[in-house]
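To convert, note that position 168 of the sequence shown is 168 in full-length UniProt numbering; the numbers rise steadily by one, no gaps.
Using N, Cα and C, we set each Cβ at its ideal position, and we do this for glycine too.
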Amino acid sequence: MNKKNTFLSSPFTGLFTLWSMFWFIGVFLLFYPFIFILLQKLSYRKYAAKLVRIWSKCFFFFSFIRFEVKHHFVPDKKQNYVFCANHFSFLDIPVIVYLLEHYTSFVGKSSLGKLPLFGYMYARLNILVNRSDNASRAGSLSKALKALQSGRSIAIFPEGGIVSKKYPYMAKPLKDGALIMAIQQQIPLVPISLFNNYQIFSDKPLMIRPGVIRAEIHPPIITKGLTMDDVPMLREKLYHIIQDPILKYYSLDEPQ
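Here it is as structure tokens:
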């Protein structure tokens with residue numbers, strides 16, 4: 001079934017998608033002048049990030065999307081972390097923004113920085129990377145390490161983008177960037193499982209549905225004392241902490 005037919009076959013979902021996008025874009029345009037001003041000074045950017053979080057809350061509120069979050073751990077506001085989550089949907093970024101009170105920068109694809117208005121904001125609050133370019137990947141790692149050293153937290157999707165060919169199975173192997181950051185800075189990794197964002201927000205075709213977003217914030221993985229020799233072990237551990245609860249939720253077996 002093509003995108004057009006699928007969209008038209010569900011009039012309510014189509015209208016609801018337009019309603020949600022109206023609020024997403026409308027609140028963004030309302031906040032943008034204030035965000036733009038705050039972005040001009042490095043020390044004010046954390047306040048711009050707070051406005052972005054309010055924007056995400058408004059979007060979810062007016063889209064009738066609620067949250068059911070299982071907290072095994074409440075991050076300390078005085079501590080920075082490397083947050084890692086599975087990535088199945090474009091909704092994942094606003095969900096993480098909603099969930100985290102920390103001043104957090106995402107490591108995200110460079111193409112987002114080219115979007116009108118949004119790209120300017122995204123590029124100044126986050127770290128852009130072209131994953132097909134070795135120099136860009138190395139540069140993004142360096143910027144992320146500097147951000148961690150300055151006290152910011154980092155959010156990263158260790159699959160390397162929305163690359164899974166079969167949801168809700170994560171792509172393997174996970175990329176090492178998040179692990180290297182956490183080990184080099186000796187700060188905790190916090191795994192986050194996002195269960196059903198891809199069902200609330202579908203991009204093929206573009207549809208947004210009301211519902212309940214389910215997420216699980218796991219206890220931190222302590223990296224103090226670990227070295228680069230521990231990366232393979234840490235990669236496997238991170239994968240299973242994020243993936244296993246998702247498979248259990250859907251009553252699925254581990255992929256062979």
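Tell me whether the beta-carbon of residue i lies closer than 8 Å to the beta-carbon of residue j.
i: His218; j: Phe73; result: yes
i: Pro191; j: Ile127; result: no
i: Ser193; j: Asn86; result: yes
i: Ile208; j: Ser20; result: yes
i: Leu238; j: Leu226; result: no
i: Ile246; j: Val95; result: no
i: Arg45; j: Leu117; result: no
What first and last residue would you give for the beta strand (DSSP E) that runs through residue i?
i: Gly139; result: Looking at the DSSP string, Gly139 is not in any beta strand (DSSP E); the run it does join, the alpha helix (DSSP H), is 134–149.
i: Gly108; result: 104–109
i: residue 259; result: No statement about residue 259 is possible, as the shown extent of the chain runs from 1 to 256 and does not include it.
i: Ala85; result: 82–85
i: Phe201; result: 201–203
i: Val190; result: 189–194
i: Met207; result: 206–208
Give the C-beta separation of residue i and residue j to the nearest angstrom, bearing in mind that I take them to be a contact with Cβ-Cβ under 8 Å.
i: Cys58; j: Leu189; result: Wrong, their Cβ atoms sit about 30 Å apart, outside the cutoff.
i: Ala171; j: Ser164; result: 5 Å
i: Val69; j: Val97; result: Val69 to Val97, Cβ: 14 Å. No contact.
i: Thr104; j: Ser153; result: 4 Å
i: Ala48; j: Ile35; result: 5 Å
Out of curiosity, what's the CA-to-CA distance linking residue i and residue j?
i: Leu8; j: Ile200; result: Note that Leu8 has pLDDT 40, beneath the 50 cutoff, so the model's placement of it is unreliable and no number is given.
i: Asp253; j: Phe88; result: 18 Å
i: Ser110; j: Tyr122; result: 10 Å
i: Thr6; j: Gly14; result: Only weak support is given to the placement of Thr6: the predicted model assigns it a pLDDT of 40, under 50, and the question is left unresolved by the model.
i: Phe60; j: Tyr249; result: 23 Å
i: Ser10; j: Lys204; result: 14 Å
i: Leu179; j: Gln186; result: 10 Å
i: Pro168; j: Tyr198; result: 9 Å
i: Gly113; j: Asn130; result: 11 Å
Taking the alpha-carbon of residue i as reference, which of the options has the nearest alpha-carbon?
i: Lys224; options: Met181, Asp203, Met207; result: Met181
i: Ser202; options: Asp92, Asp133, Asp76, Ser56; result: Asp92
Where does the unbroken alpha helix (DSSP H) through residue i begin, and where does it stop?
i: Arg66; result: Taken as a continuous stretch (DSSP letters only), Arg66 belongs to no alpha helix (DSSP H), being part of the beta strand (DSSP E) at 65–71.
i: residue 338; result: Residue 338 lies beyond the residue range present for the chain, which begins at 1 and ends at 256; the question has no answer from this structure.
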